[in-house]
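Below is one structure, written out as C-alpha cells; comments come after it.
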Amino acid sequence: MADRYRAPLDDIRFVLDKMIKFDQLTKIDAFQATTPDLVNQVLQTAAKFAEEVVAPLNQPGDRQGVRLENGVVLMPDGFADCYHKYVEAGWASVNGDTDYGGQGLPWTISIALNEIWQSANMSLANAWMLTQGAVEAIQMHGTPQQKTTYLPNLISGKWSGTMNLTEPNAGSDVGALKTKAVPEEGAWRITGTKIFITHGDQDMSENIIHLVLARTPGAPEGTKGISLFIVPKFNVDGSGKIGQRNDLRVVSLEHKLGHMASPTAVMSYGDNEGAIGFLLGKENQGMACMFTMMNNARLNVAVQGLAIAERSYQAARQWAMERIQGNDISGKSKSKVTIIQHPDVRRMLMDMRSQTEAIRALCYSVAEAIDLAQKHPDQELREHYRGYLELMTPIAKAWSTDQGFDIASTGVQVHGGMGYIEETGAAQYLRDARITMIYEGTNGIQALDLVRRKLPKEITATNRLFEAMEKTTEDMISNGDPSLITTASELQTSIKALRKATEWMRQTILAEPEIAASGATQYCRMFGYIAAGWLLGKGALQAVSSANNQSFSNRKKISAQFFAEQHLPSAAALLGPITTAGKTTLTLINEEV
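Read in order, the letters of the sequence shown correspond to residues 183 to 775 in the numbering used here.
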C-alpha cells in the first residue's frame, strides 16, 4: 500500500475562489496579470511536478538522510537533480520582484504552492522556503548594490539562503548572542558559532547566502545591539560573480527526531581571519530587519502544519480504503470490511479532514492579508488588512502547527500497528511535524506575542473580526439550511466565550502579566479553533449558496458542521482554564513544580 501524494487542487481552488475571493485581489493593478486561467495553469503544473518529481523522493530521503564529508553536506540521492529541475522550471521566482527576474505573483499563490511543495517533501522544500526569507530581507533592507548583487541569483534559485540566529546560549533569548562583527575596509569580519542552521550547507545550489545576526564593537546589550549581515559561502564581487570560499564551515550536523533529509548544521564563522560579511540595513537594527519578514516566515511554518496534515490525511484515508479488517458493526453484511466502514475510523478521518480544511482556510486568509496590506490602493483597507495580519499571524503559526502534529498523530492511529512501523510513512509525518511547533518562535512565544503585543495594539482589528464572525453566523442562519444553522449556533456560543476571554486577557495582561501569561497558550488555542471554525462556516455558506457540484458542496457543509460540533464546545470551555491557570501555575515554588 504505497503512500501516493495528490495535490488537493479542488480544495485549494475552493479556498481561493470562494473563501478569500481571489478575483478581488486580481483587480489590484499589481496583480492584474494573475488571471484565473493563469492560476489554474500554475497550480496544475505544480501539482504534476510535486506528484511525479518531488514527492517520490520524500521517504527514500528520510531513510538515507544527509551526511557531512570533507566539509561539504551531501543531500540524499535525487535531491540535487530535483532542485535543479525546480529552478529550471521557474518555480523559485514565482513571487520574486520583477525588477530582479521574479514573476511578481501574489503571496497568496506562493503560499498555495508552498503547501504543495511542503506536502510533497518537507525536507527539500525547507531550502526553498528559507531562500524566500533571505530574498525578502535583502529586498526590504538591502542597498541598491546589494540588491543587484544578490537578488537575481537568489530569486532564480541558482543561489539559496539561510537564517543564522541561534547560538548555544542564545535560543529564544536572541539578545544573548555572542557572534562578533568587526569593521574592515568596507566590509565586516564575522566570528562566532551558530547552531540549528537549516540547510546551512548542501550540494544543490551554487552558492549559499547566509543572513547572520552579530554584535558590533560597542553595541548596546541585548536585542538593541544586534545587527544583520550578509555572509556568502563563496565571496561575490559587485557583478555577482563567485570567488573564493569564505571563512566559514559546517562543524557538524545535528541528529534529529525528524526532517532527516534536511541538514541542520552547527556553523563556525571566522576560524581564521574572520568571515567576510556586509551589513544589511542599519547597525544595531538587526532585530527590526528580522521582524519585518517575521509575519511571512511564521506563515510559511504555519503552512508546514497544513502540509503535513494534508499528507497525513491522504495516507490515512488511502490506508483505510484498502485495509480489510473486521466485520460491519451494523450487521448488514457478513463479509469482512475495509476499516473506513468502522465508525471510529470514520470519525478520525473526518476529524483529520475538517481540521486540515480549517488550517488551509486560516493560512490562506493570512496570505491574502499580506497581499492586500501591501498592495491595495485604498489606505484605509490596507490598514484593515494590516491589522488582521498582525493579529492572526501568531494564531495561524501556533494553531496550525499544533493541529498539524495532532493530525499526524491521528494518522498513525488510523494505520494501527503499521502506523508505528516506518514502512508506511505515517511515522515520518509525525516526526517531521514536531519541529514546526518550535522553530520560527515556539508556540508558547506566539501566544505571548498575541496577548502582550497584538491584543493591546490591535483593538480595532480584534473587534472588527468579532463583528465579521457574528455577521457570518447571522447569514448562515438566514440561509435556512439545517446544517448551516447547527454550525452557526455552535459558532455563536463560542464567539461569546472568546469575547469574554479577550476582555479578561486585555485587562489582566496590564494588571497581572504573569497571570495572563499563564493562560496565553490556551487563549491562543481557543482563538485558533474559533477563527478556523468561522472560516469553515463562511466557506460552507458559500458552498451552499453557489452549489455547482452538489457532492462537493455537501462535503464542505458537513466538514464545517463536524468541526463545529466536535471542537467548538471544547474551545468555548477553555474560558475557565484561561482565567484560572495562574492561580495554580504560580503557586508552587520552583522545586515543587
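Think of the CB as a built atom: it goes at the ideal place given N, C-alpha and C, for glycine as much as any other residue.
Pop quiz: residue i and residue j are said to be a contact at Cβ under 8 Å. What is the actual Cβ separation, rounded to whole angstroms?
i      : j      : result
Leu312 : Leu347 : Not a contact, Cβ separation roughly 12 Å.
Leu571 : Ala551 : 4 Å
Ser292 : Gly284 : The pair is not a contact, with the Cβ atoms about 10 Å apart (cut-off 8 Å).
Ala578 : Leu632 : That belief does not hold up - the Cβ atoms of Ala578 and Leu632 are roughly 11 Å apart, past 8 Å.
Ala232 : Ala189 : 6 Å
Phe213 : Pro288 : 5 Å
Gly586 : Gly487 : 3 Å
Gln314 : Leu462 : Contact doesn't hold; Cβ gap of about 16 Å is too wide.
Thr398 : Lys376 : Actually they do not touch by this definition, with Cβ atoms about 17 Å apart.
His558 : Ile210 : 6 Å
Tyr282 : Ile372 : Between Ile372 and Tyr282 the Cβ distance is about 25 Å, and since that is not below 8 Å, they are no contact.
Tyr187 : Ala302 : 6 Å
Thr575 : Leu481 : 6 Å
Asp385 : Leu256 : 6 Å
Over what stretch of residues does the beta strand (DSSP E) that includes residue i continue unbroken?
i      : result
Gly366 : The sequence as given places Glu at residue 366; Gly does not occur at that position. Note, Glu366: beta strand (DSSP E), 362 to 366.
Tyr451 : 446 to 451
Arg249 : 249 to 251
Val726 : Taken as a continuous stretch (DSSP letters only), Val726 belongs to no beta strand (DSSP E), being part of the alpha helix (DSSP H) at 702 to 727.
Val236 : It is not in any beta strand (DSSP E) - Val236 carries neither H nor E in the DSSP assignment.
Could you give the DSSP three-state label for residue i: helix, strand or coil?
i      : result
Gly593 : helix
Asn303 : coil
Asn454 : coil
Ile506 : strand
Ala559 : In the sequence as displayed, the identity of residue 559 is Pro instead of Ala. It is coil, neither helix nor strand.
Pro402 : coil
Asn466 : coil
Ile408 : coil
Gln384 : coil
Val254 : strand
Ala352 : strand
Lys200 : helix
Ile691 : helix
Tyr844 : Beyond the ends of the chain as shown, which are 183 and 775, falls residue 844; an answer cannot be given.
Arg279 : Reading the sequence as shown, one finds Asp at residue 279 and not Arg. Three-state DSSP puts Asp279 in coil, outside helix and strand.
Glu649 : helix
Glu436 : coil
Leu637 : helix
Ile291 : helix
Gln663 : For clarity, residue 663 is Asp in the given sequence; the question names Gln instead. Of the three classes helix, strand and coil, the one that applies to Asp663 here is coil, per DSSP.
Gly601 : helix
His441 : coil
Gly758 : helix
Gln285 : coil
Thr331 : helix
Leu359 : coil
Lys230 : helix
Look up residue i in the DSSP assignment and give the residues it is bridged to.
i      : result
Trp370 : Pro365, Gly459
Asn346 : Val394
Asn389 : Trp341
Ile424 : Val418
Arg431 : Ser450
Thr520 : Ile506
Lys579 : None, per the DSSP bridge assignment.
Thr375 : Ser450
Val413 : His392
Over what stretch of residues does the alpha helix (DSSP H) that includes residue i continue unbroken?
i      : result
Phe213 : Where Phe213 is concerned, there is no enclosing alpha helix (DSSP H), given that its DSSP letter is neither H nor E.
Val269 : 261 to 270
Arg737 : 732 to 754
Ala274 : Taken as a continuous stretch (DSSP letters only), Ala274 belongs to no alpha helix (DSSP H), as it is neither H nor E.
Thr816 : Nothing in the structure corresponds to residue 816, since the chain is present only between 183 and 775.
Gly626 : 625 to 631
Tyr611 : 608 to 616
> Taking one C-beta from the stretch 341 to 356 and one from the stretch 510 to 523 each time, how about it: are there three or more such pairs within less than 8 Å?
Replying inline: no
> Would the stretch 288 to 305 and the stretch 489 to 509 be scored as touching if the rule is three or more Cβ pairs under 8 Å?
Replying inline: At 8 Å Cβ cutoff, the stretches touch.
> Using 8 Å as the threshold, is the stretch 246 to 264 in touch with the stretch 310 to 328, meaning 3 or more CB pairs across them?
Replying inline: no
>> Can you confirm whether the stretch 717 to 736 touches the stretch 592 to 604 when touching is taken to mean that 3 or more C-beta pairs between the two stretches lie within less than 8 Å?
In response: Too few Cβ pairs lie closer than 8 Å, so no.
> Touching or not, the stretch 691 to 702 and the stretch 759 to 769, by the rule of three or more beta carbon pairs under 8 Å?
Replying inline: yes
> Do three or more CB pairs link the stretch 236 to 244 to the stretch 427 to 445 at distances below 8 Å?
Replying inline: yes
> Okay, do the stretch 605 to 619 and the stretch 747 to 761 touch, 3+ Cβ pairs below 8 Å being the bar?
Replying inline: In short, these stretches do not touch, since the Cβ pair count stays below three.
> Between the stretch 551 to 568 and the stretch 666 to 678, do three or more beta carbon pairs fall short of 8 Å?
Replying inline: No, they do not touch.
>> With three or more C-beta pairs closer than 8 Å as the rule, is the stretch 449 to 460 touching the stretch 416 to 431?
In response: yes
> Using 8 Å as the Cβ pair cut-off and three pairs as the minimum, do the stretch 471 to 480 and the stretch 412 to 425 touch?
Replying inline: no
> Can at least three beta-carbon pairs, one atom from the stretch 446 to 453 and one from the stretch 370 to 384, be found at a separation below 8 Å?
Replying inline: yes
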